[in-house]
Amino acid sequence: MPCEVVSGFLFATPRAVYDELGGFDDAYAPCSWEEVDYCTAVRASGRRCYGVPGVEIEHEWGISRRAMPWKRVSFDGRSETLRSIHRRNRRRFQEKWASHPVAGRTA
Numbered sequence: 033m034p035c036e037v038v039s040g041f042l043f044a045t046p047r048a049v050y051d052e053l054g055g056f057d058d059a060y061a062p063c064s065w066e067e068v069d070y071c072t073a074v075r076a077s078g079r080r081c082y083g084v085p086g087v088e089i090e091h092e093w094g095i096s097r098r099a100m101p102w103k104r105v106s107f108d109g110r111s112e113t114l115r116s117i118h119r120r121n122r123r124r125f126q127e128k129w130a131s132h133p134v135a136g137r138t139a
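Under this note's numbering, the first residue of the sequence shown is numbered 33, with each subsequent residue one higher.
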């Protein structure tokens, strides 16, 4: 079923497409909005994203969904709350895709 964004913990994408689009943008590390950015790039290239209804996968080690927004995450020698990471990455996404119509409803 066509969708705008596929959840970031489970993707199936041809390697050639992944490489052509530049894969996941490391600037979104350690979490939040990287899958939205990648799916937007897929759609901007004229392709579609699809979800598979009825499939249930448990993401045991995810840090962005289960944790409280005030939880601190340490990475690359720094520490940030999940809330600040999410806000920073949302702004990055909005700035990166501001002029592209395919991102309009996502941001």
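The C-beta atom is built at its ideal place from N, Cα and C for all residues, glycine as well.
Classify residue 82: buried if its beta carbon has 16 or more other beta carbons within 10 angstroms, exposed otherwise.
exposed
Tell me which residue opens and which closes the alpha helix (DSSP H) that residue 127 is part of.
114-129
Taking 8 Å as the cut-off, does the region 64-78 touch the region 39-54 (at least 3 CB pairs, one atom from each stretch)?
yes
How would you label residue 64, buried or exposed, when you count the other beta carbons within 10 angstroms and need 16 or more for buried?
buried
Could you say which of 74, 44 and 34 lies nearest to residue 129 if we only look at CA atoms?
74
Distance, Cα to Cα, residue 124 vs residue 109?
21 Å
Going by C-alpha distance, which of 104, 121, 135 and 80 is nearest residue 59?
121
Just reading off the alpha helix (DSSP H) that residue 74 is part of, what are its end residues?
66-76
Whether residue 111 touches residue 104 by CB criterion (7 Å)
yes
Residue span of the alpha helix (DSSP H) that contains residue 105, given as start and end:
From DSSP, residue 105 is part of no alpha helix (DSSP H) but of the beta strand (DSSP E) over 104-107.
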